[in-house]
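A short write-up of the structure that comes next.
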Amino acid sequence: MAPLLLCRASIRGQKWGDNTLERLKSNSDFGKVYREGKYSADSLVVIHYLPNKLDYSRIGFSVSKKVGNSVMRNLIKRRMREIVRNFYPHIVPGYDIVISARMGANKANFNGLNHSLRQALWRSSLLIKEERKPKSGN
RNA sequence: CAACCAACCUAGAUGAUCGCACCACUUGGUGGUGAGGAAAGUCCGGGCUCCAAAGGGCAAGGAUGCUGGGUAACGCCCAGUGAGGGUGACCUCAAGGAAAGUGCCACAGAGAACAAACCGCCUGUUAUACAGGUAAGGGUGAAAAGGUGCGGUAAGAGCGCACCAGCGUUUGGGUGACCAAACGGCUUGGUAAACCCCAUCCGGAGCAAGACCGAAUAGGAGAGAAACGAGGUGGCCCGCCUUACUCUCGGGUUAGGUCGCUAGAGCUGCUAGGUAACUAGCAGUCAAGACAGAUGAUCAUCGCCCCAAAAGGGUACAGAACCCGGCUUACAGGGUUGGUUGUCAA
RNA sequence: GCGGCUAUAGCUCAGGGGAUAGAGCACCGGCCUCCGGAGCCGGUUGCCCAGGUUCGAUUCCUGGUAGCCGCG
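Take 52 as the starting number for the first sequence in this note's numbering and just add one per residue.
Rendered as structure tokens:
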């Protein structure tokens with residue numbers, strides 16, 4: 052029991068050092084964030100977030116079936132993951148975050164989705180303080 | 001040259017920088033591999049796993065339905081037969097049985113199935129009517145009891161004859177569906193994607209199957225007793241299995257992790273057999289394996305399309321989830337081969 | 001992944017081979033009222049799509065589309 056836990060901890064630390072995403076996976080965690088968390092939105096995405104008691108943030112993605120077929124949904128999810136991967140060092144640790152695509156996201160390209168996602172993050176209080184002011188110019 | 005028919009193929013390419021999943025070597029690195037022709041719909045058929053050993057019989061239910069072949073199997077494929085369509089290349093067809101039985105055929109029409117008699121036609125009589133004969137003509141309908149012609153008759157009728165269609169028999173050809181010829185008598189509406197009959201086939205559930213590891217409420221194994229009973233075997237019978245109660249032994253379903261998980265009716269090429277589907281042999285080869293679920297972002301060049309050009313924009317349908325064989329549906333553009341018809345020229 | 005159900009008027013539902021496709025609510029017009037409501041009279045609008053069987057299909061068969069539900 053003990054070595055297994057140690058092993059998992061070391062993997063997590065390694066991933067954290069590698070700037071890899073910590074993902075939110077279980078369905079009950081999603082439901083908890085939807086029920087108890089706050090949210091902010093832009094035209095293409097909605098962000099729900101809730102403080103967890105960890106020293107890092109976990110991020111989950113959600114694309115509804117109404118947005119498009121499976122190719123479209125997969126593409127949007129990959130793009131959102133790419134955006135958040137590049138932006139992850141600027142996000143405040145200690146939150147469970149769910150990013151959902153809205154209906155217009157199937158018509159947007161990468162830049163549009165990038166801009167909308169950053170706007171939504173800026174409207175929430177999830178950005179580290181010194182990163183907040185220059186983002187408005189983006 | 002134009003229009004068309006059939007069988008197929010392809011599914012943008014290359015490079016650079018970040019990034020993801022798995023594997024190998026290694027230990028903060030390097031290398032390799034990384035969606036489809038439909039991966040889809042889940043409409044069929046299998047493999048595999050468990051359900052009792054997945055056994056026998058009956059019933060119900062379901063499926064299929066011209067013939068022969070192919071296949072692990074199929075509702076699939078190939079070759080043929082018949083029917084229908086097209087000038088043609090060619091295409092389409094759930095295509096067994098209506099003489100086993102039951103039902104239905106609205107409206108119109110005299111009559112819709114053991115035929116019938118409204119108007120007609122013909123004959124007779126006590127004559128604006130009645131009786132008898134008739135199924136040629138009219139009319140209705142999707143369909144009116146073989147069709148056309150000649151003879152025949154009071155008027156008519158397969159009443160007689162010829163041809164055609166249908167039925168039956170015989171002969172010949174074909175493995176067979178069926179085809180051809182001769183002869184016979186003179187006739188038996190449609191509907192089975194209405195019930196049904198006949199022939200053949202089908203046990204159920206599904207990788208979230210299932211196996212192993214492994215905390216809590218408690219299950220399991222062995223022995224005895226009982227065994228006529230109860231329960232299970234997703235309908236019944238046989239057969240089979242389990243079981244209340246007592247004693248002994250010691251430890252189990254769910255969340256989670258590991259396996260199942262990709263070398264297979266595999267792919268490529270050649271040879272041989274077969275009209276073909278396909279089969280056999282030989283040689284080469286290993287090409288995704290996740291579990292919130294891996295393929296993305298940026299840039300450059302060349303293709304193709306829109307646009308007179310540039311700029312600019314676009315580049316189909318669509319994402320593996322245990323694995324195969326089919327079917328169906330979606331699909332921008334491009335290409336190959338063979339063929340038909342028409343026009344022009346030689 | 002597997003299994004099932006539904007599609008009929010603006011809404012909720014009947015109808016299961018031959019009807020002009022029906023009921024309630026809704027909507028429109030008229031009567032009534034000073035006006036409105038209620039009541040009475042009348043009317044508009046429809047069988048998810050494409051093929052097939054049949055003389056004839058909302059109904060039967062096949063394929064698709066959309067929506068909904070259940071199990072784990």
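We put the beta carbon where it would ideally sit given N, CA and C, even for glycine.
Source: prediction; values computed, not measured.
For residue j and residue i, believed in contact at Cβ under 8 Å, the rounded distance
i	j	result
Leu105	Gly155	Going by Cβ atoms, the distance from Leu105 to Gly155 rounds to 33 Å, so no, they are not a contact pair.
Ala152	Val114	5 Å
Closest by C-alpha distance to residue i, when choosing among the options
i	options	result
Asn165	Lys89, Arg129 and Gly82	Arg129
Leu178	Tyr146, Asn160, Leu75 and Glu87	Tyr146
Ile150	Gly82, Arg86, Tyr100 and Met123	Tyr100
Glu133	Arg174, Met123, Phe161 and Asn157	Phe161
Status (buried if at least 16 other CB within 10 Å, exposed otherwise) for residue i
i	result
Ser61	Since pLDDT at Ser61 reaches only 28, below the 50 mark, its modelled position is unreliable, and no value is offered.
Val84	buried
Arg124	buried
C-alpha gap between residue i and residue j, whole angstroms
i	j	result
Pro140	Glu73	12 Å
Ile127	Pro102	26 Å
Met131	Phe112	8 Å
Ile148	Ser91	11 Å
Ile142	Asn120	30 Å
Pro144	Tyr107	4 Å
Leu168	Ile110	13 Å
Asn157	Ile98	17 Å
Would you mind listing the beta strand (DSSP E) stretches within the region 101-154 that are 3+ residues and don't spill past its ends, in chain order? As far as the region 101-154 is concerned, its whole beta strand (DSSP E) runs of at least 3 residues are 109-114 and 146-152.
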